[in-house]
Amino acid sequence: MVCLNAIMQNILLIIADQLTFDAIGCRGNQYVHTPNIDSLFNNGVGLGRVYSQYPLCGPVRASFWTGRLPHQTGVVSNGGDYQNKDIVEQGIPTLGQQLVKAGYHAIHFGKNHDYGGLNGFEQLPREEVAFNDPDGWPLNYDSFWDEGTTRQVEHYFRSMAGKTLDKPFAAVADLNNPHNICGYIGEFIGEHDNPPYPDGPLPPLPDNFAFDDIANRPRSVQYICCAHRRQAQTAGWTAENFQHYLAAYYHYIDMTDRNIGRILGSLDESGQRENTTIIFMADHGDNVAARGMTTKHTSFYEQTTRVPMIFSGKGIPQQGKWLDDGLFSLMDLAPTLCDIAGTSMPDAQPGHGYSMLPFATGEKSGQQRDYVVSQWHTEWGYTIEPGRMLCSGRYKYTRYLEDVGESRGEEFFDLEKDPGEKRSLIHDPAYQDELNRHRQLFNQYLQETGDDFLSHSWQAKDRYRSHALGYNQHTGLCAPDFEQMIAGK
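If you use numbering that gives the first Met the number 0, the sequence shown corresponds to residues 0 to 488, in order.
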């Protein structure tokens with residue numbers, strides 16, 4: 000456990016929803032304007048290889064609030080009729096409970112979607128504040144909730160000005176954006192004319208925009224468009240339509256950064272900035288048009304599973320650099336915040352998280368673990384496509400239960416030579432030894448963590464998969480729309 004100071008410091012955790020690891024200025028992205036996030040980085044340190052253990056809001060949030068894998072919390076979907084809203088068992092310790100026991104005022108603002116993982120935090124009701132984008136970009140509840148959340152956090156911090164706190168705070172500013180990009184797709188379904196914004200050059204498509212290797216991928220990946228409404232809605236899009244998608248995504252990131260600036264400004268007004276450790280992160284990423292994919296669903300590519308993680312403020316060296324030599328998981332969040340607070344998560348078991356704090360402070364360096372994992376089961380229950388990812392640093396192995404087709408449900412990538420994951424190496428003779436080693440690591444992971452992945456079954460009806468391969472070839476209703484129509488919803 001790292002002791003930052005004998006005086007208990009405050010904690011401010013800022014979370015973005017659906018922000019991929021390199022969609023911020025301090026990662027070299029020239030198409031976003033994120034001066035406030037960049038300032039946190041320049042006055043702190045970033046962990047560059049942090050992975051989401053489930054690229055979907057509900058499961059990953061229940062996981063990082065408890066420091067346990069999704070199969071250990073039981074939260075394996077975004078809910079709906081598939082899963083009740085309070086599935087995290089009362090006996091599972093949560094971060095909020097441990098912070099309160101350590102003497103903190105633990106308070107959460109904004110997006111929850113936690114399935115009981117936020118137990119222990121004081122949770123303020125979300126406020127929705129509608130407004131119009133001056134440049135005409137489509138806005139929805141994501142942006143409206145963020146305005147309400149930002150105002151609540153500003154009020155909370157400003158109310159501290161000139162006062163002595165009875166106890167330190169552990170405040171969470173949980174923002175929805177850039178999740179508004181999902182609503183953007185819904186405004187431009189199928190073939191369409193480009194919107195009149197932005198006023199300027201469009202961002203370029205990624206160099207892995209073409210999905211040339213799709214025939215060599217698991218069927219669960221090949222037919223994401225048949226399981227995920229937002230991917231299906233992009234059928235018929237042109238390359239320029241995808242560039243507008245990227246421009247919209249970056250616009251919602253810019254909005255997020257402005258709200259972060261307001262939050263940090265109110266923290267300054269509180270007089271508590273100097274005694275506050277600040278952490279910025281995201282719950283999962285976005286495909287950002289890689290392989291012609293949008294948002295997130297079923298797959299484990301870098302864009303959806305790798306997220307930013309920045310430490311700044313009290314006790315953090317002002318290095319302004321990324322530490323890319325260690326593997327971390329969002330499961331590490333709970334033990335990290337407990338470490339800052341001088342406590343720990345109880346009942347740690349294999350597969351649970353570790354504290355990132357010693358790496359952020361420079362006390363440790365290098366690898367903390369041999370691999371990180373990520374999971375998938377379903378979004379709403381309309382298709383069941385269990386999958387797992389194991390990344391050992393240079394290599395990434397994925398396995399899906401639907402093991403038909405050329406890939407037999409597997410993918411294998413050399414991220415050092417192929418960071419864009421353009422070519423799966425499952426059938427490459429030169430990589431068979433490494434592939435088999437990772438299969439063994441995967442089996443070891445299943446045994447050590449009690450993951451019952453192999454006991455599940457997949458469910459995806461052929462009626463959704465009648466079109467030729469390629470997301471742009473999608474026709475007809477996707478599974479969620481079809482099943483809701485049948486159910487009369």
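Glycine included, C-beta positions come from ideal geometry on N, C-alpha and C.
None of these values were measured; they are calculated from a predicted model.
Would you grab the beta carbon distance between Leu245 and Pro202 for me? Rounded to a whole angstrom, and I think it's under 8 Å.
Translated into positions along the sequence shown, residue 245 becomes position 246. Translated into positions along the sequence shown, residue 202 becomes position 203. Indeed they touch by this definition, with Cβ atoms about 5 Å apart.
As assigned by DSSP and simplified to three states, the class of Gln477
The residue given as residue 477 occupies position 478 in the sequence shown. According to the sequence displayed, residue 477 carries Cys and not Gln. Note: Cys477 maps to coil in three-state DSSP.
Rounded Cβ spacing between Met344 and Phe327 (contact assumed at less than 8 Å):
In the sequence shown, residue 344 corresponds to position 345, counting from 1. In the sequence shown, residue 327 corresponds to position 328, counting from 1. In fact, because the Cβ distance is near 16 Å, the residues do not count as touching under 8 Å.
Mind checking Pro69: buried by the 16 CB within 10 Å criterion, or exposed?
Here residue 69 corresponds to residue number 70 of the sequence shown, with the count starting at 1. Answer is buried; the Cβ neighbour count reaches 16.
Run through DSSP, which three-state label would Ala486 get?
Walking along the sequence shown from the start, residue 486 turns up at place 487. It is coil, neither helix nor strand.
From the DSSP secondary-structure annotation, give me the bridge partner or partners of Thr276.
The residue you call residue 276 lines up with position 277 of the sequence shown. DSSP, once it has assigned bridges, lists Ile10, Gly312 as partnering Thr276.
List the endpoints of the continuous alpha helix (DSSP H) containing Lys100.
As a first step, residue 100 must be located in the sequence shown, where it is residue number 101. Run containing Lys100: 94-100, per the alpha helix (DSSP H) assignment.
Proximal residues to Glu190 (C-beta, below 6 Å), its chain only, five neighbours per side dropped
As a first step, residue 190 must be located in the sequence shown, where it is residue number 191. If we look at Glu190 and ignore the five residues flanking it on each side, its Cβ neighbours are Gly235.
Measuring alpha carbon to alpha carbon, tell me which residue in Asn9, Leu11, Gly47 is nearest Ala22.
Counting from 1 along the sequence shown, the entry for residue 22 is found at position 23. With distances taken between Cα atoms, Ala22 lies closest to Gly47.
Looking at the unbroken beta strand (DSSP E) that takes in Arg387, where does it start and where does it end?
Residue 387 sits at position 388 when you count from the first residue of the sequence shown. Taken as a continuous stretch (DSSP letters only), the beta strand (DSSP E) holding Arg387 covers 386-390.
Contact set for Asp331: own chain, Cβ-Cβ below 6 Å, skip 5 residues either direction
Numbered from its first residue, the sequence shown carries residue 331 at position 332. Gly352, Tyr353, Met355.
Are the CB atoms of Asp256 and Thr33 nearer to each other than 8 Å?
Here the question's residue 256 lines up with position 257 in the sequence shown. Here the question's residue 33 lines up with position 34 in the sequence shown. Yes, the Cβ-Cβ distance between Asp256 and Thr33 is below 8 Å.
Residue environment, Ile485, which counts as buried when at least 16 other CB atoms sit within 10 Å
Here residue 485 is taken as the residue at index 486 of the sequence shown, counted from 1. Under this definition Ile485 is an exposed residue.
Where do the ends of the alpha helix (DSSP H) carrying Trp375 lie?
Locating residue 375 in the sequence shown gives position 376, where the first residue counts as 1. Segment 371-375 is the beta strand (DSSP E) holding Trp375; no alpha helix (DSSP H) there.
Would you mind giving the Cβ-Cβ distance between Val87 and Val99, rounded to the nearest angstrom? I have them listed as a contact below 8 Å.
For the purposes of this step, residue 87 is taken as residue 88 along the sequence shown, with counting starting at 1. For the purposes of this step, residue 99 is taken as residue 100 along the sequence shown, with counting starting at 1. Their Cβ separation, rounded to whole angstroms, is 17 Å, which puts Val87 and Val99 out of contact at 8 Å.
Give the secondary structure of Tyr353 by DSSP, where H, G and I count as helix, E and B as strand, and everything else as coil.
What you label residue 353 is simply residue 354 of the sequence shown in a count that begins at 1. Reduced to three states, the DSSP call for Tyr353 is coil.
Taking the continuous alpha helix (DSSP H) assigned at Ala340, which residues delimit it?
As a working mapping, residue 340 is identified with position 341 in the sequence shown. Residues 332-340.
What number of angstroms, rounded off, separates the C-alpha of Ala226 from the C-alpha of Ser76?
Within the sequence shown, the letter at position 227 stands for residue 226. Within the sequence shown, the letter at position 77 stands for residue 76. Cα-Cα distance, rounded: 13 Å.
Quick one: give me the first and last residue of the alpha helix (DSSP H) that Ala246 is part of.
Taking the sequence shown and counting its residues from 1, the one referred to as residue 246 is at position 247. Per DSSP, Ala246 belongs to the alpha helix (DSSP H) from 238-269.
Could you tell me how far apart the beta carbons of Gln17 and Asp285 are, in whole angstroms, since I believe they sit closer than 8 Å?
Along the sequence shown, one-based indexing puts residue 17 at 18. Along the sequence shown, one-based indexing puts residue 285 at 286. 5 Å between Cβ atoms; contact.
Can you tell me the Cα-Cα spacing of Gly45 and Ile14, whole angstroms?
The residue given as residue 45 occupies position 46 in the sequence shown. The residue given as residue 14 occupies position 15 in the sequence shown. Between Gly45 and Ile14, the C-alpha separation is close to 15 Å.
Own chain partners of Gln472 with C-beta closer than 6 Å, once the 5 adjacent residues on each side are dropped
Start at 1 with the first residue of the sequence shown, and residue 472 comes out as number 473. Taken in chain order, the residues that qualify are His466.
Count the C-beta pairs between the region 316-325 and the region 369-379 that are closer than 8 Å, then say yes if the count reaches three, no if not.
no
Which complete beta strand (DSSP E) runs does the region 124-178 hold, if anything under 3 residues is left out?
168-173
Three-state class that DSSP yields for Gly15 in the structure shown
As a working note, residue 15 is residue 16 in the sequence shown. Checking the sequence shown, residue 15 turns out to be Ala, not Gly. Strand.
What are the start and end residues of the beta strand (DSSP E) that includes Thr397?
Numbered from 1 along the sequence shown, position 398 holds the residue referred to as residue 397. Start and end: 394-399.
Which of the three DSSP states, helix, strand or coil, is assigned to Ser454?
Here residue 454 refers to the residue found at position 455 when the sequence shown is read from its first residue. The answer is helix: DSSP assigns Ser454 an H, G or I state.
Quick check on the burial criterion: 16 or more other C-beta atoms within 10 angstroms. Buried or exposed for Ala333?
Here the question's residue 333 lines up with position 334 in the sequence shown. It is buried - the Cβ of Ala333 has at least 16 other Cβ atoms within 10 Å.
Assigned exposure category for Thr163 - 16 Cβ within 10 Å defines buried
Reading the sequence shown from its first residue, position 164 is the one you call residue 163. Burial call: exposed.
Which one of Gly449, Asp198, Trp144 has the shortest CA to CA distance from Arg67?
The residue given as residue 67 occupies position 68 in the sequence shown. Checked all of Gly449, Asp198, Trp144; the closest Cα to Arg67 is Gly449.
C-alpha distance - Val59 paired with Leu329, whole-angstrom precision:
Residue mapping note: residue 59 aligns to position 60 of the sequence shown, counting from 1. Residue mapping note: residue 329 aligns to position 330 of the sequence shown, counting from 1. Spanning the two alpha carbons is a distance of roughly 8 Å.
Distance between Val287 and Tyr394 (C-alpha atoms, nearest Å)
The residue you call residue 394 lines up with position 395 of the sequence shown. The residue you call residue 287 lines up with position 288 of the sequence shown. So the two alpha carbons sit approximately 22 Å from each other.
Would you give the residue range spanned by the beta strand (DSSP E) that Gly43 belongs to?
Reading the sequence shown from its first residue, position 44 is the one you call residue 43. Run containing Gly43: 43-46, per the beta strand (DSSP E) assignment.
Rounded straight-line distance, which links the Cα of Thr335 to that of Gly270
Counted from its first residue, the sequence shown places residue 270 at position 271. Counted from its first residue, the sequence shown places residue 335 at position 336. Rounded to the nearest angstrom, the two C-alpha atoms are 24 Å apart.
Indicate the three-state DSSP secondary structure (helix, strand or coil) for Met0 in the structure shown.
Within the sequence shown, numbered from 1, the residue matching residue 0 stands at position 1. Low local confidence applies: a pLDDT of 48 at Met0 is under 50, so the model's placement there is unreliable, and no value is given.
Beta-carbon proximity list for His250, same chain, < 6 Å, skipping 5 on both sides:
The residue labelled residue 250 in the question sits at position 251 within the sequence shown. Closer than 6 Å at Cβ, skipping near neighbours: Trp136.
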